[in-house]
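Visitor: Going by this note's numbering, the first residue of the sequence shown is number 16, and it counts up by one from there. Here's a structure for you.
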Amino acid sequence: MADGSVDVLVCEEYKSSLNDSQASLDQNVNDNNESTTNENDTIHELLNNLSNFTVKRILRNDVTQKLLAVEGTFKGYKQPALVVLEKKGFPKEELSVNEAFFNDETIVKKIYRNDIYRGYDLFPEKEHNGLAATIIYPATPKHIEKFTPPTFYLVEETPEVYENVTLPIINSQQLSLQWVDNILEGKAETDRVIFNDPDKKTGFVLVKDLKMKDEKSLYLIALVRQKIKSIRDLNESHLPLLTNIKEAGTKAIKETYNISENQLKIFFHYQPSYYQLHVHFITLDVENAGSFVERAHLLSTVISNIQMVPDYYQKTTLTFRLCKYLAFKPYEDYLNGREDPPTKRARLSL
Ligand code: G7M
């Protein structure tokens, strides 16, 4: 497992921007590496005996991902090291499962029995009981941050808050959309495009997302040609565009991957990382796609809301989470400066 691939830990909202900044991170690491090439060459010898490592701080103990990230030091090495331990997945084949666990060597310890239910601790043979380890040395503050769980802040964004806080932020600090333009203009990732509708009003490009690494599970995004920032801007004039994305997008996926619409989750992010409207298309098995309730808005629900109330997204309160205090602060400041701060403050779950 390479360092760059361990991005499951990052707050979803910042993954894309981190991907963008990965190059600079890699550059930092390279710069750092130049001065520590000798250390790096020899540190691997110490790994033969992990008692050379002292844990300074647990950065993350993720029970769902079964992953432990710790910061520490190796004996004789000054700079911080990062060690990530992950429980390995199970074999996929029935025969391998049989051979790995259901044999004489597996130690069985009974924990409980209740009616038809029994619980055990199993200790399979060593080779089926392993951990995957990633060691980063030297670990930069960015690496440490990447593996430290974020603190989340919930924002209930009224139209007024959007106008006074979000919009100025989007206008002043949004991430570059060059990569989107490149795809729309056919200048980049042409081999990753699944479908292209050139219509200026209802057209879009359906392309493999950066996160789609192989063909095992689907992760596509539909990049819209019209200049629309986010779902906040959507109204009834966009219904032909939205229905086209739904119908033509799912048709293209059926033809290319033989996956039906009822196996797809099709949604927007709010807030997105990139303010040029795009729709995520994933199969239901894909995790870590930011499809939690405080971020995902199903395309079908968005269409239905606009059909009922044409200016729904200009009127509604949109709730989203932020995972950096710096990003949250403008919202906190704005709401604290209001005439009736206690009521307004109650709208923010700190
Ligand atoms: O909704 P949100 O803005 O968070 O999603 C943006 C999506 O764009 C993420 O799923 C990213 O993985 C994806 N993405 C970001 N970049 C920079 C690229 C890129 O250069 N190419 C492609 N194909 N997808 C990208």
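By construction, the Cβ of each residue, glycine as well, lies at the ideal position given by its N, Cα and C atoms.
#1: Any heavy atom of the ligand G7M within a distance shorter than 7 Å of the CB on residue 254?
#2: Who are residue 129's beta bridge partners in DSSP?
#3: To the nearest angstrom, how far is it from the Cα of residue 95 to the Cα of residue 68?
#4: Leaving out the 5 sequence neighbours to the left and right, which residues in its chain are closer than 6 Å to residue 292 when beta-carbon positions are compared?
#5: Can you say whether residue 219 is buried or exposed, counting buried as having 16 or more other CB atoms within 10 angstroms of its CB?
#6: Using only the alpha-carbon positions, how far apart do residue 294 and residue 245 sit?
#7: What does a CB cutoff of less than 7 Å around residue 280 pick up in its chain, not counting 5 residues either side in sequence?
#8: What distance in whole Å lies between the Cβ atoms of residue 310 and residue 284, which are believed to be in contact at a cut-off of 8 Å?
#9: Counting C-beta neighbours from all protein chains within 10 Å, is the total for residue 156 16 or more, i.e. buried, or is it exposed?
#10: Can you list, in chain order, the residues of its chain whose CB lies under 6 Å from that of residue 339, leaving out five sequence neighbours each side?
#11: Within 10 angstroms of the Cβ of residue 188, are there 16 or more other Cβ atoms? Answer buried if so, exposed if not.
#12: Would you kindly work out how many angstroms separate the C-alpha atoms of residue 76 and residue 161, rounded to a whole number?
#13: For the alpha helix (DSSP H) that residue 116 lies in, which residues bound it at each end?
#14: Using CA atoms only, rank isn't needed, just tell me which of 350, 110, 327 is closest to residue 253.
#15: Could you tell me whether the stretch 100-117 touches the stretch 77-90, where touching means 3 or more Cβ pairs closer than 8 Å?
#16: Just the Cα atoms here: how many angstroms apart are residue 277 and residue 207?
#17: Secondary structure at residue 343, three-state DSSP: helix, strand or coil?
#18: CB residue 334 to CB residue 74, shorter than 8 Å?
#19: Go ahead and pull the three-state DSSP assignment for residue 348.
#20: For residue 346, does the count of other Cβ atoms within 10 angstroms reach 16, so buried, or fall short, so exposed?
#21: Determine the direct distance from the alpha carbon of residue 66 to that of residue 111, and round the result to whole angstroms.
#22: Can we count residue 224 as close to the ligand G7M, meaning its CB is less than 7 Å from some heavy atom?
#23: How close, in whole Å, do the beta carbons of residue 210 and residue 221 come, if the pair is a contact with beta carbons under 8 Å?
#24: List the DSSP bridge partners of residue 294.
#25: When you compare only the Cα positions, how much space is there between residue 258 and residue 302?
#26: Using a Cβ-Cβ cut-off of 6 Å (strictly less than) and excluding sequence neighbours within five positions of residue 197, which residues of its own chain qualify?
#27: Check whether the Cβ atoms of residue 330 and residue 174 lie closer than 8 Å to each other.
#28: Measuring straight from C-alpha to C-alpha, what distance separates residue 142 and residue 79?
#29: How would you label residue 195, buried or exposed, when you count the other beta carbons within 10 angstroms and need 16 or more for buried?
#30: Going straight from the alpha carbon of residue 81 to that of residue 166, what length do you get?
#31: Report, in whole angstroms, the separation of the C-beta atoms of residue 121 and residue 139, which I expect to be a contact under 8 Å.
#32: Would you kindly work out how many angstroms separate the C-alpha atoms of residue 124 and residue 146, rounded to a whole number?
#33: State the Cα-Cα distance for the pair residue 233 and residue 265, rounded to the nearest angstrom.
#34: At which residues does the alpha helix (DSSP H) containing residue 320 begin and terminate?
Guide: This is what the structure holds:
#1: Not so, every heavy atom of the ligand G7M lies at least 7 Å from the Cβ.
#2: 132
#3: 11 Å
#4: 239, 243
#5: Per the 10 Å Cβ criterion, buried.
#6: 10 Å
#7: The residues are 297, 299, 306.
#8: 5 Å
#9: exposed
#10: none
#11: exposed
#12: 14 Å
#13: 109-116
#14: 327
#15: yes
#16: When rounded, the distance between both Cα atoms is 23 Å.
#17: helix
#18: Against a cut-off of 8 Å, the Cβ pair of residue 74 and residue 334 comes out as no contact.
#19: helix
#20: Around the beta carbon of residue 346, a 10 Å sphere encloses 16 or more other beta carbons of the protein chains shown; the residue is thus reported as buried.
#21: 33 Å
#22: yes
#23: The Cβ separation is near 4 Å, so the contact holds.
#24: 237
#25: If I take the Cα positions, the gap works out to 25 Å.
#26: The answer, listed in chain order, is 203.
#27: yes
#28: In a straight line, the C-alpha of residue 142 is about 22 Å away from that of residue 79.
#29: Taking all protein chains shown into account, residue 195 has 16 or more neighbouring C-beta atoms within 10 Å of its C-beta and is therefore buried.
#30: Distance between the alpha carbons of residue 81 and residue 166 is about 20 Å.
#31: That pair is a contact at about 5 Å.
#32: 21 Å
#33: Residue 233 and residue 265: Cα-Cα distance of roughly 12 Å.
#34: 314-323
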